[in-house]
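Numbering (the numbering used here), first residue to last: 1083 to 1195.
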């Protein structure tokens, strides 16, 4: 079981682009790297629900899209994903249901729930 756990950790660290930094101390990671490590830590136990607030806020577009693919893959495996973001590029064109809020008010909905 521990071998599988370590394998999952390495797989997730590669998914978030930190496979080469797996042995680095957290204080040596940049803000974006710390955010990606936090995402990997949050999903390693394969939770039923993930609530992610601005998961791509401190990362470049390529890493942001990689994280979104990770969330999509987890969703295919049965995990419910709730993402709050200001990044229109991430949710525009998404096939997943979404809500558009402005100042706490529901403005529009997209997709079926």
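We treat Cβ as the ideally placed atom computed from N, Cα and C, and that holds for glycine.
- Taking C-beta separations shorter than 6 Å and ignoring five residues to either side along the sequence, the partners of residue 1146 in its chain run 1138, following chain order.
- Remark: C-beta atoms of residue 1095 and residue 1122 approach each other more closely than 8 Å.
- The DSSP assignment places complete beta strand (DSSP E) segments of no fewer than 3 residues inside the segment 1151–1175 at 1162–1166, in order along the chain.
- Across the set 1119, 1157, 1134 and 1113, the C-alpha of 1113 shows the shortest separation from the C-alpha of residue 1140.
- Sorting 1171, 1128, 1143 and 1168 by C-alpha distance to the C-alpha of residue 1153 places 1128 at the top.
- When secondary structure is reduced to three states using DSSP, residue 1128 falls in the coil class, being assigned neither helix nor strand.
- Between residue 1167 and residue 1144, the beta carbon gap of about 16 Å keeps them out of contact (Cβ cut-off 8 Å).
- Taking the C-beta atoms as reference points, residue 1125 is found nearer than 8 Å to residue 1156.
- The C-beta of residue 1131 has fewer than 16 other C-beta atoms within 10 Å across all chains shown, which makes the residue exposed.
- Comparing alpha carbon positions, the residue from 1174, 1178 and 1189 closest to residue 1163 is 1178.
- Residue burial is scored here from C-beta neighbours: residue 1084 has fewer than 16 other C-beta atoms within 10 angstroms and is therefore classed as exposed.
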